[in-house]
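Numbering (the working numbering), first residue to last: 208 to 544.
We put the beta carbon where it would ideally sit given N, CA and C, even for glycine.
Reviewing the structure listed below.
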């Protein structure tokens, strides 16, 4: 059993919330990872390069040792729910679909780092796996989604978007008070035991010292991994296996085998199965479109600290605020002023 611990980072105050645009499809059909710069020939190998490669290998082995520490709680049961309860209203499968859609949309719309999106989805999976028993109303999913993305931004972004920036009316039905989001962030941090620097498939890709001539393949690999976030079946595999599958799909293992780290080169039945799934996913990459959710159909009673984009009944608002305290915060909390 691998032991892992990560120090938490102090939370900073932000205000308002928001989101927009799929990480795969942009309004202008632009490639979010396109590199317009002129490729620079890779430098000749040197003893320093050898040392750098060894450092990458060492980091990769460390990631491999820690990756399961950041898997969802009770992974098998959680994945079973995701794969078999997708038609259940208010189920965890529906909640995850909405959360991932929001995060990838916000990632592209706000120009966030890829690591931010992968970490945020990891937080969502770990939090949902702990709370599979809940009946997930839309506003609950949105609150958790915003909190997960906000925490991920504070960990990975140089310029942290405000909560107002995270409000994405195109894919959400509610706006949350800053105090409510901060409460949810704290609840999330406690649930995750402040272990935020998680190991994701992108962690391995980010380690590879690929030459600039491989920029196009790297971008496609990132897009493919982003697309895989919406497919819960990939949670069956370790992060290193998923990363290797994506790299094989874009031929980086063949073209740059001397740079690929050992954990990604151990092929077997599990790796082959993941590769086949990733290859099938790749065929739909250029045609995939995220579906926008209907706010009219999904608007639920909102807590008093949530402001629906459409008006809600006062009584249901107060009752839902009480539900928020019981379901997410564990104990009743005072109403926001």
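Looking at residue 445 and residue 275, is the spacing between their C-beta atoms short of 8 Å?
-> The Cβ atoms of residue 275 and residue 445 lie closer than 8 Å to each other.
May I ask you to report which of helix, strand or coil DSSP gives residue 374?
-> Reduced to three states, the DSSP call for residue 374 is strand.
Is the Cβ-Cβ distance between residue 348 and residue 391 less than 8 Å?
-> It is not a contact, given that the beta carbons lie outside the stated cut-off.
Less than 8 Å separating the beta-carbons of residue 587 and residue 334?
-> Nothing can be reported for residue 587, as the shown portion of the chain is limited to 208 through 544.
Assuming residue 424 and residue 449 form a contact by the criterion Cβ under 8 Å, report the distance between their Cβ atoms to the nearest whole angstrom.
-> In fact, because the Cβ distance is near 17 Å, the residues do not count as touching under 8 Å.
8 Å contact criterion, which residue 346 and residue 380 should meet: CB distance rounded | Taking the Cβ atoms as the reference, residue 346 lies roughly 7 Å from residue 380, within the contact range of under 8 Å.
Going by beta carbon distance, what residues of the same chain come within less than 8 Å of residue 453, once the five residues before and after it are set aside?
-> 408, 412, 428, 431, 432, 435 and 485, listed in sequence order.
Indicate whether residue 320 and residue 310 have their beta-carbon atoms separated by less than 8 Å.
-> Taking 8 Å as the Cβ cut-off, residue 320 and residue 310 do not qualify as a contacting pair.
What are the boundary residues of the alpha helix (DSSP H) that includes residue 481?
-> Per DSSP, residue 481 belongs to the alpha helix (DSSP H) from 476-490.
Whole-angstrom distance between residue 292 and residue 164, CA atom to CA atom | Residue 164 falls outside the range modelled here, since the chain spans only 208 to 544, and no answer is possible.
Would DSSP call residue 407 helix, strand or coil?
-> The three-state reading of DSSP puts residue 407 in coil, since its state is none of H, G, I, E or B.
Note down, in chain order, each residue of its chain lying with its Cβ closer than 7 Å to the Cβ of residue 290, except the 5 sequence neighbours on either side.
-> Taken in chain order, the residues that qualify are 439 and 440.
Span of the alpha helix (DSSP H) around residue 350 | Per DSSP, residue 350 belongs to the alpha helix (DSSP H) from 345-363.
May I have the straight-line CA-CA distance separating residue 396 from residue 277, to the nearest angstrom?
-> Each residue's alpha carbon lies about 13 Å from the other.
Tell me which same chain residues have a C-beta within less than 7 Å of the C-beta of residue 328, skipping the five on either side of it?
-> Excluding positions up to five away in sequence, the list reads 307, 310 and 436.
Rounded to the nearest angstrom, how far is the Cβ of residue 375 from that of residue 313, given a contact under 8 Å?
-> Their Cβ separation, rounded to whole angstroms, is 6 Å, which keeps residue 375 and residue 313 in contact under 8 Å.
Tell me whether residue 340 sits in a helix, a strand or coil according to DSSP, three-state version.
-> It is coil, neither helix nor strand.
From residue 363 to residue 357, what does the alpha carbon distance come to, in whole angstroms?
-> If I take the Cα positions, the gap works out to 10 Å.
Cβ-Cβ distance between residue 270 and residue 279 below 8 Å | A distance of 8 Å or more separates the beta carbons of residue 270 and residue 279.
Buried versus exposed call for residue 490 [16 or more other C-beta atoms within 10 Å across all chains shown] | Label assigned to residue 490: exposed.
Delimiting residues of the alpha helix (DSSP H) encompassing residue 453 = Residues 446-456.
For the segment 272-312, list the beta strand (DSSP E) runs that are entirely contained and at least 3 residues long, ordered along the chain.
-> The segment 272-312 contains no whole beta strand (DSSP E) run of 3 or more residues.
Along the alpha helix (DSSP H) that carries residue 320, what are the first and last residues, could you check?
-> Annotation: residue 320 is outside any alpha helix (DSSP H) and is labelled neither H nor E by DSSP.
Hey, could you find the ends of the alpha helix (DSSP H) residue 430 is sitting in?
-> Taken as a continuous stretch (DSSP letters only), the alpha helix (DSSP H) holding residue 430 covers 422-435.
DSSP three-state assignment for residue 366, whether helix, strand or coil | Looking at residue 366 - three-state DSSP - the assignment turns out to be coil, as it is neither helix nor strand.
Inter-residue spacing [alpha-carbon to alpha-carbon] between residue 415 and residue 447 = About 13 Å.
Would you kindly work out how many angstroms separate the C-alpha atoms of residue 332 and residue 387, rounded to a whole number?
-> In this model, residue 332 and residue 387 are separated by some 21 Å (Cα to Cα).
Under 6 Å Cβ to Cβ from residue 406, same chain only, skipping five residues before and after it: list those, please.
-> Taken in chain order, the residues that qualify are 270, 273, 274, 277 and 446.
With a threshold of 16 other CB atoms inside 10 Å of the CB of residue 389, please say whether the residue is buried or exposed.
-> Buried, since its Cβ has 16 or more Cβ neighbours within 10 Å.
Alpha carbon to alpha carbon, what distance is there between residue 281 and residue 442?
-> Rounded to whole angstroms, residue 442 to residue 281 spans 12 Å at the Cα level.
Measure the C-alpha to C-alpha separation of residue 341 and residue 287 and round it to an integer number of angstroms.
-> One C-alpha to the other measures close to 16 Å.
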